[in-house]
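**Q** The structure under discussion is supplied below as structure tokens; questions concerning it will follow.
Number of protein chains: 4
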Amino acid sequence: MKKSDYEAELTPMKAELVGMARWARATGQRVVVLFEGRDTAGKGGAIRAVSEPLNPRQCHIVALPKPTDTQQTQWYFQRYVEHLPSAGEIVLFDRSWYNRAGVEKVMGYAEERQVGAFLSQAPIFEKQLVDDGILLFKYWLTTDQARQEERLRERLDDPLKRWKLSPVDLAARDKYEAYTEARETMLSATHTEWAPWTLVDFNDQKRGRLTLVRDLLDRLPDTNVPPEDIELPELGHEPHAERYTLLQPIADYPLN
Amino acid sequence: MKKSDYEAELTPMKAELVGMARWARATGQRVVVLFEGRDTAGKGGAIRAVSEPLNPRQCHIVALPKPTDTQQTQWYFQRYVEHLPSAGEIVLFDRSWYNRAGVEKVMGYAEERQVGAFLSQAPIFEKQLVDDGILLFKYWLTTDQARQEERLRERLDDPLKRWKLSPVDLAARDKYEAYTEARETMLSATHTEWAPWTLVDFNDQKRGRLTLVRDLLDRLPDTNVPPEDIELPELGHEPHAERYTLLQPIADYPLN
Amino acid sequence: MKKSDYEAELTPMKAELVGMARWARATGQRVVVLFEGRDTAGKGGAIRAVSEPLNPRQCHIVALPKPTDTQQTQWYFQRYVEHLPSAGEIVLFDRSWYNRAGVEKVMGYAEERQVGAFLSQAPIFEKQLVDDGILLFKYWLTTDQARQEERLRERLDDPLKRWKLSPVDLAARDKYEAYTEARETMLSATHTEWAPWTLVDFNDQKRGRLTLVRDLLDRLPDTNVPPEDIELPELGHEPHAERYTLLQPIADYPLN
Amino acid sequence: MKKSDYEAELTPMKAELVGMARWARATGQRVVVLFEGRDTAGKGGAIRAVSEPLNPRQCHIVALPKPTDTQQTQWYFQRYVEHLPSAGEIVLFDRSWYNRAGVEKVMGYAEERQVGAFLSQAPIFEKQLVDDGILLFKYWLTTDQARQEERLRERLDDPLKRWKLSPVDLAARDKYEAYTEARETMLSATHTEWAPWTLVDFNDQKRGRLTLVRDLLDRLPDTNVPPEDIELPELGHEPHAERYTLLQPIADYPLN
Numbered sequence: 001m002k003k004s005d006y007e008a009e010l011t012p013m014k015a016e017l018v019g020m021a022r023w024a025r026a027t028g029q030r031v032v033v034l035f036e037g038r039d040t041a042g043k044g045g046a047i048r049a050v051s052e053p054l055n056p057r058q059c060h061i062v063a064l065p066k067p068t069d070t071q072q073t074q075w076y077f078q079r080y081v082e083h084l085p086s087a088g089e090i091v092l093f094d095r096s097w098y099n100r101a102g103v104e105k106v107m108g109y110a111e112e113r114q115v116g117a118f119l120s121q122a123p124i125f126e127k128q129l130v131d132d133g134i135l136l137f138k139y140w141l142t143t144d145q146a147r148q149e150e151r152l153r154e155r156l157d158d159p160l161k162r163w164k165l166s167p168v169d170l171a172a173r174d175k176y177e178a179y180t181e182a183r184e185t186m187l188s189a190t191h192t193e194w195a196p197w198t199l200v201d202f203n204d205q206k207r208g209r210l211t212l213v214r215d216l217l218d219r220l221p222d223t224n225v226p227p228e229d230i231e232l233p234e235l236g237h238e239p240h241a242e243r244y245t246l247l248q249p250i251a252d253y254p255l256n
Numbered sequence: 001m002k003k004s005d006y007e008a009e010l011t012p013m014k015a016e017l018v019g020m021a022r023w024a025r026a027t028g029q030r031v032v033v034l035f036e037g038r039d040t041a042g043k044g045g046a047i048r049a050v051s052e053p054l055n056p057r058q059c060h061i062v063a064l065p066k067p068t069d070t071q072q073t074q075w076y077f078q079r080y081v082e083h084l085p086s087a088g089e090i091v092l093f094d095r096s097w098y099n100r101a102g103v104e105k106v107m108g109y110a111e112e113r114q115v116g117a118f119l120s121q122a123p124i125f126e127k128q129l130v131d132d133g134i135l136l137f138k139y140w141l142t143t144d145q146a147r148q149e150e151r152l153r154e155r156l157d158d159p160l161k162r163w164k165l166s167p168v169d170l171a172a173r174d175k176y177e178a179y180t181e182a183r184e185t186m187l188s189a190t191h192t193e194w195a196p197w198t199l200v201d202f203n204d205q206k207r208g209r210l211t212l213v214r215d216l217l218d219r220l221p222d223t224n225v226p227p228e229d230i231e232l233p234e235l236g237h238e239p240h241a242e243r244y245t246l247l248q249p250i251a252d253y254p255l256n
Numbered sequence: 001m002k003k004s005d006y007e008a009e010l011t012p013m014k015a016e017l018v019g020m021a022r023w024a025r026a027t028g029q030r031v032v033v034l035f036e037g038r039d040t041a042g043k044g045g046a047i048r049a050v051s052e053p054l055n056p057r058q059c060h061i062v063a064l065p066k067p068t069d070t071q072q073t074q075w076y077f078q079r080y081v082e083h084l085p086s087a088g089e090i091v092l093f094d095r096s097w098y099n100r101a102g103v104e105k106v107m108g109y110a111e112e113r114q115v116g117a118f119l120s121q122a123p124i125f126e127k128q129l130v131d132d133g134i135l136l137f138k139y140w141l142t143t144d145q146a147r148q149e150e151r152l153r154e155r156l157d158d159p160l161k162r163w164k165l166s167p168v169d170l171a172a173r174d175k176y177e178a179y180t181e182a183r184e185t186m187l188s189a190t191h192t193e194w195a196p197w198t199l200v201d202f203n204d205q206k207r208g209r210l211t212l213v214r215d216l217l218d219r220l221p222d223t224n225v226p227p228e229d230i231e232l233p234e235l236g237h238e239p240h241a242e243r244y245t246l247l248q249p250i251a252d253y254p255l256n
Numbered sequence: 001m002k003k004s005d006y007e008a009e010l011t012p013m014k015a016e017l018v019g020m021a022r023w024a025r026a027t028g029q030r031v032v033v034l035f036e037g038r039d040t041a042g043k044g045g046a047i048r049a050v051s052e053p054l055n056p057r058q059c060h061i062v063a064l065p066k067p068t069d070t071q072q073t074q075w076y077f078q079r080y081v082e083h084l085p086s087a088g089e090i091v092l093f094d095r096s097w098y099n100r101a102g103v104e105k106v107m108g109y110a111e112e113r114q115v116g117a118f119l120s121q122a123p124i125f126e127k128q129l130v131d132d133g134i135l136l137f138k139y140w141l142t143t144d145q146a147r148q149e150e151r152l153r154e155r156l157d158d159p160l161k162r163w164k165l166s167p168v169d170l171a172a173r174d175k176y177e178a179y180t181e182a183r184e185t186m187l188s189a190t191h192t193e194w195a196p197w198t199l200v201d202f203n204d205q206k207r208g209r210l211t212l213v214r215d216l217l218d219r220l221p222d223t224n225v226p227p228e229d230i231e232l233p234e235l236g237h238e239p240h241a242e243r244y245t246l247l248q249p250i251a252d253y254p255l256n
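So the protein lines, in turn, are chains A, B, C and D.
With the UniProt record's numbering applied, the first sequence corresponds to residues 1 to 256, in that order.
With the UniProt record's numbering applied, the second sequence corresponds to residues 1 to 256, in that order.
With the UniProt record's numbering applied, the third sequence corresponds to residues 1 to 256, in that order.
With the UniProt record's numbering applied, the fourth sequence corresponds to residues 1 to 256, in that order.
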């Protein structure tokens with residue numbers, strides 16, 4: 001998909017996202033969106049597509065580091081709970097509590113017992129949030145291994161993307177099928193009436209982003225809250241220019 | 001400045017930012033960058049230019065809401081301190097403790113006494129961080145009122161930018177000169193040997209971003225830590241495709 | 001009940017509490033005890049009876065202030081979750097999430113809808129903690145109004161206890177029966193197999209404390225973890241005395 | 001010193017502490033008290049003497065566990081800052097940031113470089129708090145080694161006190177003189193005009209507590225804020241008794 005075509009489709013949806021955020025602010029709604037999926041699927045880009053037009057004081061991206069030793073011994077959901085939204089806030093989780101049923105299970109970081117406990121607790125935990133009025137959306141980004149391979153190679157070769165490549169990613173290559181199985185088990189246990197999963201095909205990442213954002217917008221209520229009426233009268237004088245005393249701006253970046 | 005020219009200049013700097021982040025991770029450095037400046041100057045875009053190529057688990061953007069009543073009674077720096085970096089982290093402050101000497105002073109949200117106290121405390125507070133080894137950079141983005149007016153009008157007219165326009169922005173129009181004075185007072189008090197300010201001209205925002213990023217990179221030590229050596233052997237089998245049982249991906253976004 | 005008799009009974013139980021704490025530390029157990037009950041019932045004294053012999057770095061007392069405006073809009077349990085124990089910790093809640101079904105309901109601080117939601121959510125929330133392995137104990141301290149009246153008058157007259165007397169306490173006098181009803185409704189909804197309530201008669205506070213501590217100890221598993229073996233060899237020299245250079249201790253409090 | 005004599009002296013001071021807390025609440029004062037001193041000196045008991053008559057929602061005891069690996073890499077004062085008081089609060093630190101100049105130095109947990117940095121930073125850090133209006137008191141509890149030996153032996157022999165005895169305590173025996181030296185170095189560097197130290201002789205712990213509490217009260221401003229006027233009218237009916245439906249109180253603790 002060409003970048004210009006992508007932008008042409010995304011731009012009007014950005015306006016809808018802005019409208020959604022205005023509605024959330026005006027009505028005190030709380031929105032949580034989980035972004036899960038395979039490594040390289042494109043979670044980061046999807047999150048940017050949603051967050052880019054929004055006020056960073058309203059829309060928070062939560063990308064937690066791995067738990068500390070102390071957190072490991074706490075109630076599993078505890079470290080996520082502190083990031084849940086207040087009135088008017090939109091929280092985007094870049095990976096989420098589902099780590100336990102995905103990477104932790106496949107890579108053996110969690111015991112079977114812990115994974116089983118998680119799969120039975122997650123729907124209950126989520127039901128509490130939904131019953132409390134939080135709007136919860138769960139997206140899982142899919143991608144075939146052929147595309148994953150291309151992207152891994154791109155990460156290896158592109159210095160800008162190299163940091164995205166970790167030893168865990170490489171280990172994950174051999175476990176593509178194990179991840180598929182883990183996902184299906186996870187879906188069986190946690191695709192509920194109150195908190196359903198939505199799978200989005202990210203073999204084409206731009207199209208995947210359009211699909212995801214469109215779906216998110218379609219599932220939110222009709223959200224037309226007109227923006228506050230603001231007047232911008234004439235300034236009434238010549239505009240001022242910057243005046244410097246102590247310090248001057250540094251030299252502009254040189255252009256050829 | 002044309003977008004393509006901008007991208008051509010920025011791309012190699014992105015690679016340097018990635019290198020800087022790798023160095024910070026490898027050596028445990030802690031980096032704090034403050035972004036201050038007039039409304040509409042372009043703080044958000046400058047922050048995105050720095051953060052976009054970096055791992056969101058390493059580079060955090062801190063955009064605090066206004067303090068709660070309880071926070072109002074605490075040590076002024078307390079709510080900022082909890083966001084200071086751990087080893088290897090880079091924290092970008094979208095506005096910062098300098099609110100007190102800028103918007104709070106000009107709009108009368110803080111008393112003269114509080115502003116004065118802040119101006120004498122800030123250098124001491126910052127010296128502690130710097131003495132502790134934190135790398136602290138303070139940028140102030142300047143813009144003439146003519147450009148500010150254009151951008152305010154753009155915010156009013158562009159539904160995508162409308163949320164950036166608040167009544168405080170409008171009040172700030174009449175106070176352009178007061179903001180200039182407040183900045184100069186602030187610079188006199190807080191431009192120190194250990195934590196100097198850097199002013200960057202953002203009348204042209206793209207060029208301003210290039211100037212800022214280039215300056216930031218130039219002021220960091222030579223940071224060449226080679227990326228971890230990673231092998232990507234042949235897969236050894238046909239790549240797997242996604243297999244679905246319970247749920248299928250939703251329909252792709254329709255293209256014409 | 002005489003103080004000396006009380007102490008004679010409590011002292012051996014203190015040793016058991018210390019043993020319980022050693023066991024919790026050694027095995028990584030997490031213990032949560034809720035203290036609820038009428039105003040003046042004696043929650044503070046009961047908490048002191050449990051915590052006094054324990055290491056304050058292991059046994060935490062949580063007495064939250066009323067929620068901020070922001071917290072009011074969050075998931076109701078959110079501000080409690082952050083105080084749940086890590087491995088080896090014992091957390092004593094001086095009032096708890098049950099505020100919503102008690103004081104908030106009776107005094108009209110919460111809407112009926114919110115109280116109803118709480119009553120159906122609390123058992124689910126608690127089941128999650130218990131399923132996660134947290135040992136949860138819920139005590140409700142009862143007292144007749146005649147005793148409550150005596151204690152209110154004592155609070156009024158005794159300068160040391162005066163701070164315990166708030167306008168809410170006085171309003172609660174007229175609502176003794178409403179509190180009874182609220183408690184019974186709460187018990188019906190939240191006395192569950194996995195997190196049962198224990199009522200303790202605190203008409204005699206000393207005896208109530210003995211009853212509560214004995215019950216708590218009896219319901220914990222047999223907890224005999226011997227203390228670490230520590231040798232205290234002879235010092236091998238005359239003991240040193242304090243030596244002062246810059247500062248001397250201040251004068252001792254004068255005794256007649 | 002006999003317990004009854006001790007109580008007779010302490011009781012009127014408790015009333016003064018209550019008055020001080022009422023004054024802090026009414027005027028929004030913030031109070032911080034550090035309790036430092038040798039192992040076995042009696043920090044816990046001194047803290048209890050101050051906190052026991054006060055509202056636990058107003059007077060917080062902060063006894064931090066050892067720092068996590070992540071905290072180790074942060075600004076040294078960061079984890080303490082989050083516990084500083086809001087308006088009206090009193091915070092008692094059971095050990096404090098001075099760990100670095102005491103146990104960490106003597107036991108070799110911190111490098112000389114870190115200790116030196118701490119000794120130059122602490123006065124600056126404290127000046128900021130004091131300049132911000134926080135009332136800061138620093139007490140160091142002294143005790144001769146002969147008394148320390150008695151108390152160590154008591155901890156070894158008394159099951160109730162056994163948890164207070166750690167291997168670090170034993171190691172500290174051989175380092176009594178090193179602790180003395182570390183204290184004197186610390187006093188030289190951190191006994192400042194704005195945040196002076198007060199040494200209190202705790203060879204007799206009861207008397208030490210009286211000395212400390214008296215000193216603290218004497219150094220606070222005259223704090224007479226009369227308690228709120230509260231009326232306690234007649235109840236106007238027979239007092240109600242508890243009525244139980246679902247659950248009865250458990251059997252009272254049996255007395256002989």
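Built from N, CA and C at the ideal position, the CB exists for glycine as well.
Quick check on the DSSP output: what are the complete alpha helix (DSSP H) runs of length 4 or more inside the region 35 to 59 of chain B, in order along the chain?
**A** Counting whole runs of 4 or more residues, the region 35 to 59 of chain B contains the alpha helix (DSSP H) stretches 43 to 51.
**Q** So for D/ASP144, helix, strand or coil by DSSP?
**A** Coil, per DSSP.
**Q** Taking just the CA atoms, how far does B/GLN248 sit from A/ALA189?
**A** Cα to Cα, A/ALA189 sits roughly 16 angstroms from B/GLN248.
**Q** Measure from the C-beta of D/THR70 to each C-beta in chain B and report whether the shortest distance is under 9 angstroms.
**A** Interface residue, yes.
**Q** Taking the C-alpha atoms as reference points, what is the distance between A/ARG95 and A/MET107?
**A** When rounded, the distance between both Cα atoms is 16 angstroms.
**Q** Can you give me the C-alpha to C-alpha distance between C/PRO227 and D/PRO65, rounded to a whole angstrom?
**A** For C/PRO227 and D/PRO65, the distance between alpha carbons rounds to 20 angstroms.
**Q** Go ahead and label C/ARG113 buried or exposed: buried means 16 or more other beta carbons lie within 10 angstroms of its beta carbon, across all protein chains shown.
**A** Counting Cβ neighbours within 10 Å, C/ARG113 comes out exposed, since fewer than 16 surround it.
**Q** Establish whether the CB of B/GLY28 and some CB of chain D are separated by less than 9 angstroms.
**A** With 9 angstroms as the cut-off, B/GLY28 counts as an interface residue toward chain D.
**Q** Could you tell me the boundaries of the beta strand (DSSP E) in which B/ILE90 lies?
**A** 90 to 94 is the span of the beta strand (DSSP E), which, as asked, contains B/ILE90.
**Q** Report the rounded CA-to-CA distance for D/LEU217 versus D/ARG173, giving the unit in angstroms.
**A** The straight-line gap from Cα to Cα measures roughly 33 angstroms.
**Q** If the cut is a Cβ gap below 7 angstroms, which residues of chain B does D/ALA24 touch?
**A** Within chain B, no residue comes near D/ALA24; the closest Cβ sits about 12 angstroms away, beyond 7 angstroms.
**Q** Consult DSSP for B/ILE61 and reduce its assignment to one of helix, strand or coil.
**A** Three-state DSSP puts B/ILE61 in a strand.
**Q** Using a Cβ-Cβ cutoff of less than 7 angstroms, which residues in the same chain neighbour B/ARG147 once the five nearest sequence positions on both sides are dropped?
**A** Cβ within range, chain order: ASN203.
**Q** Does chain B have any CB closer than 9 angstroms to the CB of D/GLN74?
**A** Judged by the 9 angstroms Cβ criterion, D/GLN74 is in contact with chain B.
**Q** Mind checking who C/PHE77 pairs with in its DSSP beta bridge?
**A** Per DSSP, none; premise fails for C/PHE77.
**Q** In chain D, which residues lie with their C-beta within 8 angstroms of the C-beta of B/ALA117?
**A** In chain order: ASP131 and ASP132.
**Q** CA-CA distance, D/LEU210 and D/MET186?
**A** Rounded to whole angstroms, D/LEU210 to D/MET186 spans 25 angstroms at the Cα level.
**Q** Which residue comes first and which comes last in the beta strand (DSSP E) that contains B/ASP215?
**A** From DSSP, B/ASP215 is part of no beta strand (DSSP E) but of the alpha helix (DSSP H) over 205 to 219.
**Q** Run through chain D and tell me which residues come within less than 8 angstroms of C/GLN248, C-beta to C-beta.
**A** The answer, in chain order, is LEU199.
**Q** Exposed or buried, what is B/SER120 when buried is set at 16 or more other beta-carbons lying within 10 Å of its beta-carbon?
**A** B/SER120 should be labelled exposed.
**Q** Quick check on B/ASP39 - is its C-beta less than 9 angstroms from some C-beta in chain A?
**A** Judged by the 9 angstroms Cβ criterion, B/ASP39 is not in contact with chain A.
**Q** Answer yes or no: does any C-beta atom of chain C fall closer than 9 angstroms to that of D/ARG173?
**A** Closer than 9 angstroms to some Cβ of chain C, the Cβ of D/ARG173 qualifies, so yes.
**Q** Quick one: what's got a C-beta closer than 6 angstroms to D/ALA26's C-beta in the same chain, skipping five residues either side?
**A** Excluding residues within five positions, the ones whose Cβ falls inside 6 angstroms are VAL225.
**Q** Would D/PHE93 count as contacting chain B if we go by Cβ distances under 9 angstroms?
**A** No, because no Cβ of chain B sits closer than 9 angstroms to the Cβ of D/PHE93.
**Q** Would A/ALA21 count as contacting chain C if we go by Cβ distances under 9 angstroms?
**A** So no, A/ALA21 is outside the interface.
**Q** Would you mind telling me which residues of chain B sit closer than 7 angstroms to D/SER188, beta carbon to beta carbon, in chain order?
**A** Simply none; closest approach about 19 angstroms.
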